[in-house]
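Residue numbers (the numbering used here): 160 to 370.
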Ligand SMILES: C[S@@+](CC[C@H](N)C(=O)[O-])C[C@H]1O[C@@H](n2cnc3c(N)ncnc32)[C@H](O)[C@@H]1O
């Protein structure tokens, strides 16, 4: 059973497949925050169904209300962490986005934590794209690096150790880039602005495909 947010209320959804029937593509945004990223995409792409997932319901009130108000049918917000997500969404997504994660979600995509990365990988169909954008550094987040024992980020690390870790979760890393400030600005999400406004810092994007 999935818990979805409708107009500030959490309701239970028996069968998500009923909602998905008429859509060509399904995209998931994991750790969606306030849900703006998928809200904007849903307005632009009516043939794609968007699923935003986050454990904190209150941050999603604004965009969940807007989706109801403007009758945007191709979006839902699911209240869950990746750890607690059941298997209802397995093998559904054409694209899985994770943008500017923190906490265990960040840890799960940059370290060898099969219990998290395997669950993320399960969300995609065979051949699905996994598009992860993230940043941390010893200059800006020393406490988080220490607490979670995060590896030092570099393209070398992503293309060697992390590539091997992803293979074990059936994900083949196909590209790994250091984004430029204009590429970061296009997100327009709360966190892309909060984390990077006025700061020059490395932001990495890994694209992988489900094998
Ligand atoms: C820095 S915010 C980024 C939000 C949004 N993606 C954006 O770009 O504005 C990180 C988000 O990750 C979510 N998160 C943290 N741990 C998570 C987990 N284990 N499973 C799912 N989401 C998680 C948080 O609730 C938070 O909304």
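Yeah, the Cβ is synthetic: ideal placement off N, Cα and C, and Gly gets one too.
Quick caveat, the model's predicted, so the values are computed rather than measured.
{"Asked": "To the nearest angstrom, how far is it from the Cα of residue 168 to the Cα of residue 264?", "Found": "25 Å"}
{"Asked": "Cβ-heavy atom distance between residue 359 and ligand 1 below 7 Å?", "Found": "no"}
{"Asked": "Exposed or buried, which one is residue 325 when buried takes at least 16 other CB atoms within 10 Å?", "Found": "buried"}
{"Asked": "For residue 347, is the beta carbon positioned less than 7 Å from some heavy atom of ligand 1?", "Found": "no"}
{"Asked": "Taking the straight line between their C-alpha atoms, what separation do you get for residue 171 and residue 298?", "Found": "43 Å"}
{"Asked": "For residue 282 versus residue 312, is the C-beta spacing smaller than 8 Å?", "Found": "no"}
{"Asked": "Quick one: is residue 195 buried, meaning 16 or more other Cβ sit within 10 Å of its Cβ, or exposed?", "Found": "buried"}
{"Asked": "With 16 other CB atoms within 10 Å as the buried threshold, where does residue 333 fall?", "Found": "exposed"}
{"Asked": "Tell me the start and end of each unbroken alpha helix (DSSP H) in the region 291 to 361 that is at least 4 residues and wholly inside, in chain order.", "Found": "301 to 307, 314 to 318, 320 to 327, 340 to 344 and 349 to 355"}
{"Asked": "Relative to the C-alpha of residue 225, which residue among 241, 202 and 180 is closest?", "Found": "202"}
{"Asked": "Name the DSSP bridge partner or partners of residue 252?", "Found": "283"}
{"Asked": "Three-state secondary structure (DSSP) at residue 259?", "Found": "coil"}
{"Asked": "Could you tell me the distance, in whole angstroms, from the CA atom of residue 342 to the CA atom of residue 244?", "Found": "31 Å"}
{"Asked": "For residue 164, does the count of other Cβ atoms within 10 angstroms reach 16, so buried, or fall short, so exposed?", "Found": "buried"}
{"Asked": "Where residue 322 and residue 348 are concerned, what is the direct C-alpha to C-alpha distance, given to the nearest angstrom?", "Found": "28 Å"}
{"Asked": "Among 331, 328 and 364, whose alpha-carbon lies nearest the alpha-carbon of residue 339?", "Found": "364"}
{"Asked": "Can we count residue 220 as close to ligand 1, meaning its CB is less than 7 Å from some heavy atom?", "Found": "no"}
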